[in-house]
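**Q** Protein chains in written order, with my numbering: chain Z, 1376 to 1769; chain G, 3 to 349. By construction, the Cβ of each residue, glycine as well, lies at the ideal position given by its N, Cα and C atoms. Owing to the predicted nature of the structure, the values given are computational and were not obtained by experimental measurement. So that we are looking at the same thing, I have put the structure below in structure tokens.
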């Protein structure tokens, strides 16, 4: 068989991505049709920049989900090596050094093979899954920690603020890479420190939700007990499974090397969120509606969580998008330095790191993951920009 | 003002103490010490051998005592073994009586690197000079181009120039150094594309920096920070351009270039100034990535070497230097902000 031409490669990649196109078209059609009823999300479709960003983000999200969770898009197994395909260029027909390849196997390596003869295209596609399953959740956790600590620091000020701000600045003064090199090593995993950090950091979402329900519904004990109870039971179950790997039902568990990556990323992001929330709170707490709530005799947590927080959602949503992008960059950095994730992992940082070693001879192993990471982060930044513009408009 | 600076310096010292203790604590955890012993001795040491190596070299003292020794506020360890007295402060060949009791950073002794087998202060001085050179060129490239980009974009908000430049700025902030570096090497240095305008490594630039081997690393670091500064400048410029006094100047018939250069620019550059200073910690990250990518053996490269080999004293020195850089730039940015903007007072 002859190698494919570039046109054929593009057509075949596009065909391979069919599920993604269908999902994208469906998302856009539905969103544009109902955009007047969808609030801020709907307004996004009035801004071309926001739409472009959203498109890029959803492209990688769908790609990651279909490839990682459903095995749909990828053409070969990400760990399958074929000695005959080492460093072969894009569009090379699939072959094996020994024996005949499986007749059902995809007949080409669309974007070539890497230095171990693995399929670059499949690894790039599955790399999206590695990002999608960590970055949004890590950002969400960082937000929970930052909000739970930043609201009281900004609202009460005083000694609490001094102590918390000092701690936040302490973490921010660390060069991120030094922190990663200290935290994300097999030796540190042995000492169990990441587990303790996870134990501390993962309590915050539970505290946040309990405070949220309690402050709102404490006048209606029935509703309050229901919400707080459900949060406690589900929260404790997930907490035991994720942080301590001690789920009594054995359903939830978290591989230790993924946990350390997750914890490190949350740990690096939380202080920045804290500072943003604190600053916004200090600004908002002088508003009239806060004074009105104080006069009504509302509790402080009610004022913070139900009066101040909803009114700072605009900047926070924008920062959330940017933070997912930054987390993606951080995950890439970890992979680039070979920290945390296993060396065979198809995440973009690791593949870029492997590909760069042969960069003067072969471009195809390093470029696809690099371009993928760039386009995802760019999409998130454009999305944030579009959201900022649209939320400022009213 | 003096009390403000004194208080900030006090907080700085406290922060530096806390940070070095954290680094100290993490590098002195037993699994890390075990790794150190195995890289220093050999990889097939038994647990007992590791233990004896560590205790012979004073690594098993209590954590606080070790930290005090490193600081120079606690007497250095002295161990007598086979009628030979060895100690932290005793140089090889020196009689133990003549050795000082304390030797830590307060005495100016930064310790000994176990990876490079040299004194830490020598290594740091040499590497900082290399990285300082890199940073200088990054600043020279990044700051003026970012300011020009930002001013051009913010001068007429919403225009086509603004859209184009803003998109460019967003793209650069979305491109981490390890992506842009790889792209640049692929395009400009690889034999596969054939342009080969620049060199893909900067090893030669350590002794003989020239445009060919130094431009790509400098560009890679500068580009990531550039977008951020440009966006800040743009926002600040756009805000200033809507101010009353600009409208007055326009109505008086001052020409547009004059308005931008004489009336708007000064006020618009206050915000970017702080941003530029706060970029230093980010640049430090960029330096680590780029020095690894281009094999330029400066400060960032040393950090990676020290951290991956658990070279405790070198790593501590590296973190002290980087923390001081971060905190000093924060201080300068605060003070500079007050000076540039008379509306803000520190009290």
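Rank Z/1514, Z/1531 and Z/1567 by C-alpha distance to the C-alpha of residue 1646 of chain Z and give the top, closest one.
**A** Residue Z/1514 is the option with its Cα nearest to residue 1646 of chain Z.
**Q** Taking DSSP as the reference, what is the three-state secondary structure of residue 1752 of chain Z?
**A** Three-state DSSP puts residue 1752 of chain Z in a helix.
**Q** For the beta strand (DSSP E) containing residue 80 of chain G, list its first residue and its last residue.
**A** Residue 80 of chain G -> beta strand (DSSP E) spans 80 to 83.
**Q** Identify the residues that DSSP records as bridge partners of residue 29 of chain G: which are they?
**A** Per DSSP, none; premise fails for residue 29 of chain G.
**Q** Cβ closer than 8 Å: which chain G residues qualify as neighbours of residue 1551 of chain Z?
**A** Under the 8 Å cutoff, chain G gives 287.
**Q** From residue 1607 of chain Z to residue 1518 of chain Z, what does the alpha carbon distance come to, in whole angstroms?
**A** C-alpha separation (whole angstroms): 20 Å.
**Q** Does any C-beta atom of chain G lie closer than 9 Å to the C-beta of residue 1627 of chain Z?
**A** No, residue 1627 of chain Z lies away from the interface with chain G (no Cβ there is under 9 Å from its Cβ).
**Q** Taking a contact to mean a Cβ-Cβ separation below 9 Å, would you say residue 136 of chain G touches residue 322 of chain G in this structure?
**A** Not closer than 9 Å, so no.
**Q** Looking only at its own chain, which residues have a Cβ that is under 7 Å from the Cβ of residue 223 of chain G, when we skip the five neighbours before and after it?
**A** Hits under 7 Å: 140, 179, 285, 288, 289 and 292.
**Q** Is there a Cβ of chain G sitting closer than 9 Å to that of residue 1768 of chain Z, yes or no?
**A** With 9 Å as the cut-off, residue 1768 of chain Z does not count as an interface residue toward chain G.
**Q** When the cut-off is 9 Å and only beta carbons count, does residue 1466 of chain Z lie next to chain G?
**A** With 9 Å as the cut-off, residue 1466 of chain Z does not count as an interface residue toward chain G.
**Q** Kindly indicate the opening and closing residues of the beta strand (DSSP E) around residue 1567 of chain Z.
**A** No beta strand (DSSP E) contains residue 1567 of chain Z, which DSSP labels as neither H nor E.
**Q** Is any beta-carbon of chain Z found at less than 9 Å from that of residue 167 of chain G?
**A** Answer no: the Cβ-Cβ gap between residue 167 of chain G and chain Z never drops below 9 Å.
**Q** Is the beta carbon of residue 1631 of chain Z sitting closer than 9 Å to the one on residue 1620 of chain Z?
**A** It is a contact, given that the beta carbons lie within the stated cut-off.
**Q** From the beta carbon of residue 312 of chain G, is the nearest beta carbon of chain Z less than 9 Å away?
**A** Chain Z, which has a Cβ nearer than 9 Å to the Cβ of residue 312 of chain G, makes this yes.
**Q** Check for me: the beta strand (DSSP E) holding residue 88 of chain G runs from which residue to which?
**A** Residue 88 of chain G -> beta strand (DSSP E) spans 86 to 89.
**Q** Could you work out which residues of chain G lie near residue 1735 of chain Z, taking near to mean beta carbons separated by less than 8 Å?
**A** Result: 187, 191, 192, 193, 194 and 202.
**Q** Specify the secondary structure class of residue 349 of chain G as computed by DSSP and reduced to three states.
**A** Low confidence applies here, because residue 349 of chain G scores a pLDDT of 49, under 50, leaving its location unreliable; read the following figure in that light. If DSSP states are grouped into helix, strand and coil, residue 349 of chain G belongs with coil.
**Q** How is the alpha helix (DSSP H) around residue 1505 of chain Z delimited, first residue to last?
**A** Per DSSP, residue 1505 of chain Z belongs to the alpha helix (DSSP H) from 1495 to 1531.
**Q** Buried or exposed for residue 1548 of chain Z, please, with buried defined as at least 16 other CB atoms from any protein chain shown within 10 angstroms of its CB.
**A** Residue 1548 of chain Z is buried by the Cβ-count criterion.
**Q** Residue 1484 of chain Z by DSSP, collapsed to three states: which one?
**A** DSSP places residue 1484 of chain Z in strand when its eight states are reduced to three.
**Q** Any beta carbon from chain G within less than 9 Å of residue 1715 of chain Z's own beta carbon?
**A** False, the Cβ-Cβ gap to chain G never drops below 9 Å.
**Q** Can you tell me whether DSSP reads residue 1450 of chain Z as helix, strand or coil?
**A** If DSSP states are grouped into helix, strand and coil, residue 1450 of chain Z belongs with coil.
**Q** Specify the secondary structure class of residue 41 of chain G as computed by DSSP and reduced to three states.
**A** Here residue 41 of chain G sits in helix by DSSP.
**Q** Does any residue of chain Z bring its CB to less than 9 Å from the CB of residue 6 of chain G?
**A** Residue 6 of chain G does not count as touching chain Z.
**Q** What does residue 1630 of chain Z pair with, by DSSP beta-bridge criteria?
**A** BP columns for residue 1630 of chain Z are empty, so no partner.
**Q** What three-state label does DSSP hand residue 1739 of chain Z in the structure shown?
**A** Three-state DSSP puts residue 1739 of chain Z in coil, outside helix and strand.
**Q** If I measure Cβ to Cβ from residue 1587 of chain Z and keep anything under 7 Å in the same chain, skipping five residues before and after, which residues do I get?
**A** The answer, listed in chain order, is 1680.
**Q** Take residue 206 of chain G and list the residues in its own chain whose beta-carbon comes closer than 6 Å to its own, dropping the five residues that flank it on each side.
**A** Closer than 6 Å at the Cβ level, and outside the excluded window around residue 206 of chain G, lie 215.
**Q** What's the gap between the Cα of residue 1716 of chain Z and the Cα of residue 302 of chain G?
**A** Spanning the two alpha carbons is a distance of roughly 22 Å.
**Q** Of the residues G/110, G/325, G/304 and G/4, which one's Cα is nearest the Cα of residue 130 of chain G?
**A** The option with the nearest alpha carbon to residue 130 of chain G is G/304.
**Q** Does the CB of residue 34 of chain G have a neighbour CB from chain Z at under 9 Å?
**A** Chain Z, which has a Cβ nearer than 9 Å to the Cβ of residue 34 of chain G, makes this yes.
**Q** Taking C-beta to C-beta, are residue 1700 of chain Z and residue 1755 of chain Z nearer than 9 Å?
**A** Yes, the Cβ-Cβ distance between residue 1700 of chain Z and residue 1755 of chain Z is below 9 Å.
**Q** Between residue 1724 of chain Z and residue 1419 of chain Z, is the Cβ-Cβ spacing less than 9 Å?
**A** No, Cβ-Cβ distance for residue 1724 of chain Z and residue 1419 of chain Z is not below 9 Å.
**Q** Check whether the stretch 74 to 88 of chain G touches the stretch 96 to 105 of chain G, counting contact only when three or more Cβ pairs, one atom from each stretch, lie closer than 8 Å.
**A** Yes, the stretch 74 to 88 of chain G touches the stretch 96 to 105 of chain G.
**Q** Among the residues of its own chain, which have a CB less than 6 Å from the CB of residue 1614 of chain Z, if the five just before and after it don't count?
**A** Excluding sequence neighbours, residue 1614 of chain Z sits near 1577.
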